[in-house]
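Using the working numbering, the letters of the sequence shown correspond one by one to residues 138 to 277. Scroll down for the structure; my scribbles are underneath it.
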Amino acid sequence: MANGNTPGAVVPFNRSMAFGVAAIVLLPVVPAQAEESSSRGLVNETKPSEIRIVSTEFKYAPSKVRIAVGRTATLVLDNSGAETEHGLYVPAFGFRLQAKAGEIARNTFIFDKPGQYDFICDLPGHREAGMKGTLTITAF
Ligand SMILES: [Cu+2]
């Protein structure tokens, strides 16, 4: 009873179920260039002066503002307590700020000509109602 030879090839069941390789890696898509070019650090050593003017119906506070000639000045029109839109316009320089009710507008400018200049709110009727002031550019 010798069963010496096993006839036929024994085919091993290949049960290697290919689990696992479904590696779904969700790489967050990084925007190619997160453009955050902070232009900070380019500002002059001298801190630019900031002048805040509060606008209400229908006046400015203060209504007389003094700025040094030739220096970077940031004008802030604080219209946060107003019930309507207001502006601040300096015709001599073509400088303008505009802020809706409840908003604050700001802009940086260099007033390069000494003198006394009017600023107004040029919305219809506002100047006549009292929204005007004087901007004095002085050589400190
Ligand atoms: Cu106004």
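Virtual Cβ for every residue (Gly too), placed ideally from N, Cα, C.
- Beta-bridge partners of ALA242 (DSSP): LEU214.
- Any heavy atom of ligand 1 within less than 5 Å of a residue's beta carbon puts that residue on the list, which reads HIS223, CYS258, LEU260, HIS263, MET268.
- Look at ALA205 here: in three-state DSSP terms it is strand.
- Within the model, the alpha-carbon separation for LYS250 versus ALA219 is close to 31 Å.
- Of GLN253, SER192, ASN244, GLN235, the smallest CA-CA separation from THR275 is found for GLN253.
- Annotated three-state conformation of ALA266 is helix, per DSSP.
- With distances taken between CA atoms, THR273 lies nearest to PHE230 out of GLY262, ARG243, HIS263, PHE230.
- The beta carbon of SER200 sits closer than 6 Å to the beta carbons of GLY270 from its chain, once the five residues preceding and following it are set aside; these are given in chain order.
- When only Cα atoms are considered, GLU187 and ARG233 end up about 15 Å apart.
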